[in-house]
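Take a look at the structure below.
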Amino acid sequence: MPTTPTAEIPPSGFSAPFIQTVVVQPTPFCNINCRYCYLPDRDSKATMALSTIEALFSKVFASGWTGDELTVIWHAGEPLVLPVSYYETAFRAIEALRPPSLALRHAFQTNGMLITPEWCALFRDWDVGVGVSIDGPQALHDANRVTRSGRGTFGRTVAGMRLLRRENVPFHVISVLSAESLRSPEEMLDFYLAEGVEDICFNVEESEGDHVSELFAASNFDDRFRAFLGRFWTLARQSGRVHTIREIDDMLSRIFRPESGDANDDADRANVQAQPFGMLNVACDGSASSFSPELLGLKNAAYNDFIIGNVCTDSLESMLKGAAMTAMARDIATGVEICRRTCEYFSVCGGGTPVNKLSENGRFDSGETSFCRLTEKIPTDLVLAAFDRLEAAIESDSTPAMDPGRLAEAR
Ligand code: SF4
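Per this note's numbering, the very first residue in the sequence shown carries number 618; after that it's consecutive.
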């Protein structure tokens, strides 16, 4: 499941598209077959050509649509099924094209099974951000993350994580929460602590593409997720050994974000998945998409299967003006306006994720989803409840200022 980086707000007065993240699919192939996977082409061994990588980054760098920083996420399939040398060549080619004023950071999301000392050297040499997909202790992980023959992948993933630690490669984990793991915050935390994992991201099992989430089908899953995340946050704070929980820490930075005047406007512009070209997502044949990266590879006649052009043959300007981009941008913007009018969480959310609106509500121009209740509303409620407790505590002592950094103490 793709990971979405923290969004930046485009500079004031910046009205052109603002590319913050490029998601590159070097191959759709994956060496395993997770039960919740929505990627339709995970058996294909096609590989992105070097010429496609060069065409992509030549156009991005020449566009004038980037800020000072750009994140490049290598997301497949499983990116490590390609050899280390593939990325050494690709990174050098991108580096040769990169304008000196642009800071670019590569990131990988991997199932960790294929990590070797050579991969660790690449990660270190290029300061690559590494995310490992692991769903918690063995029983929870192996319930869904299996090989094509149905065997669990826990042992090899843990071995990969341990090698990263031995080789001093920083990494975070992304764990997909199932109905079962929501019952197990203590076991989840015990596992992370035992493996020395300090930075944790949770993804909820979503309905996307052909995959229908069992979690969303379960009764009172909102309450169960709220209880899980609240309990996990409390336990993690008490342990003193967890550095970040993305769902909480991202929310803190968004709730306490410095405003440029209009909090709703800031949130809207910071919602990278709702902005044309905020995320530029490119398949191995050069087909380009935008908005939610999960759209790339899905089918939809109304939006040309979400393909806005091909980086080998089309300019970014022509993609921006094309029929598919125009239709998606219009309908996604309408969905954002529905959220702005109807949702009291808009100033922290910015209008949600288009792929979940389409998957759950059947259309981009729509509002609330089960996904947004879990990822936006419940974390906001938890942070604000902790803030209220902190405020009450401060009223009775001499602490001079409210400090978001103290929120964890209020858990
Ligand atoms: S929380 Fe949901 S309903 Fe509210 S703005 Fe976000 S996507 Fe829209």
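Just so you know, even glycine gets a beta-carbon here, dropped at the ideal spot from N, CA and C.
> When you compare only the Cα positions, how much space is there between residue 905 and residue 897?
Replying inline: The sequence position of residue 905 within the sequence shown is 288, counting from 1. The sequence position of residue 897 within the sequence shown is 280, counting from 1. C-alpha separation (whole angstroms): 7 Å.
> When the distance is taken between beta carbons, is residue 846 closer than 8 Å to residue 893?
Replying inline: Position 276 of the sequence shown, counting from 1, holds the residue named residue 893. Position 229 of the sequence shown, counting from 1, holds the residue named residue 846. Going by C-beta atoms, residue 893 is not nearer than 8 Å to residue 846.
>> If you reduce the DSSP assignment to three classes, tell me which class residue 873 lands in.
In response: Here the question's residue 873 lines up with position 256 in the sequence shown. Residue 873: coil per DSSP, three-state reduction.
>> From the DSSP secondary-structure annotation, give me the bridge partner or partners of residue 950.
In response: Stepping through the sequence shown from its first residue, residue 950 is reached at position 333. Looking at the DSSP assignment, residue 950 forms no beta bridge with any residue, so it has no partner.
>> If you reduce the DSSP assignment to three classes, tell me which class residue 848 lands in.
In response: Counting from one through the sequence shown, the residue named residue 848 turns up at place 231. The answer is helix: DSSP assigns residue 848 an H, G or I state.
> Ends of the alpha helix (DSSP H) at residue 995?
Replying inline: Stepping through the sequence shown from its first residue, residue 995 is reached at position 378. Note, residue 995: alpha helix (DSSP H), 995-1012.
>> Which complete beta strand (DSSP E) runs does the stretch 625-699 hold, if anything under 3 residues is left out?
In response: 636-641, 683-691
> CB residue 817 to CB residue 862, shorter than 8 Å?
Replying inline: Here residue 817 refers to the residue found at position 200 of the sequence shown. Here residue 862 refers to the residue found at position 245 of the sequence shown. Against a cut-off of 8 Å, the Cβ pair of residue 862 and residue 817 comes out as a contact.
> Per DSSP, residue 790 is paired with what?
Replying inline: Taking the sequence shown and counting its residues from 1, one reaches residue 790 at position 173. Per DSSP, 749, 817.
>> Rounded to the nearest angstrom, what separates residue 970 and residue 750 at their Cα positions?
In response: Residue 970 sits at position 353 when you count from the first residue of the sequence shown. Residue 750 sits at position 133 when you count from the first residue of the sequence shown. Computed Cα separation, rounded: 21 Å.
> In chain order, what are the residues with a CB under 6 Å from some non-hydrogen atom of ligand 1?
Replying inline: 956, 960, 962, 963, 966, 968, 969, 984, 985, 989, 993, 994
> From what residue to what residue does the alpha helix (DSSP H) around residue 723 run?
Replying inline: Start at 1 with the first residue of the sequence shown, and residue 723 comes out as number 106. Counting along the chain, residue 723 falls outside any alpha helix (DSSP H), though it belongs to the beta strand (DSSP E) covering 720-727.
> Which residue's Cα is closest to the Cα of residue 753: 769, 873, 643?
Replying inline: Looking up residue 753 in the sequence shown gives position 136. For the residues 769, 873, 643, the minimum Cα distance to residue 753 belongs to 769.
> How long is the line joining the alpha carbons of residue 694 and residue 1013, rounded to whole angstroms?
Replying inline: Your numbering for residue 694 matches position 77 in the sequence shown. Your numbering for residue 1013 matches position 396 in the sequence shown. Taking the straight line from one Cα to the other gives about 54 Å.
>> Only counting the same chain, and skipping five residues up and downstream in sequence, which positions put a Cβ closer than 7 Å to that of residue 696?
In response: Sequence index remark: in the sequence shown, residue 696 carries index 79 (1-based). Cβ neighbours of residue 696 beyond the five flanking positions: 643, 725, 727.
> When the Cα atoms are used, what is the spatial distance from residue 605 to residue 911?
Replying inline: Since the displayed the chain opens at 618 and closes at 1028, residue 605 lies outside it and no answer follows.
> Given a threshold of 16 other Cβ atoms within 10 Å of its Cβ, counted over all protein chains shown, does residue 1008 qualify as buried or as exposed?
Replying inline: In the sequence shown, residue 1008 corresponds to position 391, counting from 1. So residue 1008 ends up on the exposed side.
> Where residue 748 and residue 852 are concerned, what is the direct C-alpha to C-alpha distance, given to the nearest angstrom?
Replying inline: For this step, residue 748 is matched to residue 131 along the sequence shown. For this step, residue 852 is matched to residue 235 along the sequence shown. Computed Cα separation, rounded: 23 Å.
>> Nearest by alpha-carbon distance to residue 681: which of 715, 692, 707 is it?
In response: What you label residue 681 is simply residue 64 of the sequence shown in a count that begins at 1. Nearest option by C-alpha distance: 715.
>> Taking the alpha helix (DSSP H) that residue 897 belongs to, which residues open and close that run?
In response: If you number the sequence shown from 1, residue 897 lands on position 280. Unbroken run through residue 897 is the beta strand (DSSP E), 896-899; no alpha helix (DSSP H).
> Alpha carbon to alpha carbon, what distance is there between residue 713 and residue 802?
Replying inline: The residue given as residue 802 occupies position 185 in the sequence shown. The residue given as residue 713 occupies position 96 in the sequence shown. If I take the Cα positions, the gap works out to 46 Å.
> At what residue ranges does the stretch 890-938 contain a whole run of the beta strand (DSSP E), taking only runs of 3 or more?
Replying inline: 896-899, 904-907
>> Could you give the first and the last residue of the continuous alpha helix (DSSP H) run that contains residue 736?
In response: On the sequence shown, position 119 is the one that residue 736 refers to. Run containing residue 736: 734-742, per the alpha helix (DSSP H) assignment.
> Is residue 688 closer than 8 Å to residue 638 when the C-beta atoms are compared?
Replying inline: What you label residue 638 is simply residue 21 of the sequence shown in a count that begins at 1. What you label residue 688 is simply residue 71 of the sequence shown in a count that begins at 1. Result yes, Cβ atoms of residue 638 and residue 688 sit closer than 8 Å.
> CA-CA distance, residue 779 and residue 939?
Replying inline: As a first step, residue 779 is located in the sequence shown; it is residue number 162 there, counting from the start. As a first step, residue 939 is located in the sequence shown; it is residue number 322 there, counting from the start. Their Cα atoms are separated by approximately 47 Å.
> Can you list, in chain order, the residues of its chain whose CB lies under 8 Å from that of residue 965, leaving out five sequence neighbours each side?
Replying inline: On the sequence shown, residue 965 is found 348 positions in, with the first residue counted as 1. Excluding positions up to five away in sequence, the list reads 868, 871, 872, 884, 993, 997.
>> Among the candidates 984, 954, 962, 963, whose CA atom is the shortest distance from the CA of residue 972?
In response: Reading the sequence shown from its first residue, position 355 is the one you call residue 972. Comparing Cα positions, the closest option is 984.
> To which residues of the same chain is residue 759 closer than 6 Å at the C-beta, ignoring the five residues directly before and after it?
Replying inline: Mapped onto the sequence shown, residue 759 falls at position 142. These residues qualify, in order along the chain: 769, 771.
>> Tell me which residues share the same chain as residue 711 and place their Cβ nearer than 6 Å to its Cβ, disregarding the 5 neighbours each side in the sequence.
In response: Start at 1 with the first residue of the sequence shown, and residue 711 comes out as number 94. If we look at residue 711 and ignore the five residues flanking it on each side, its Cβ neighbours are 674.
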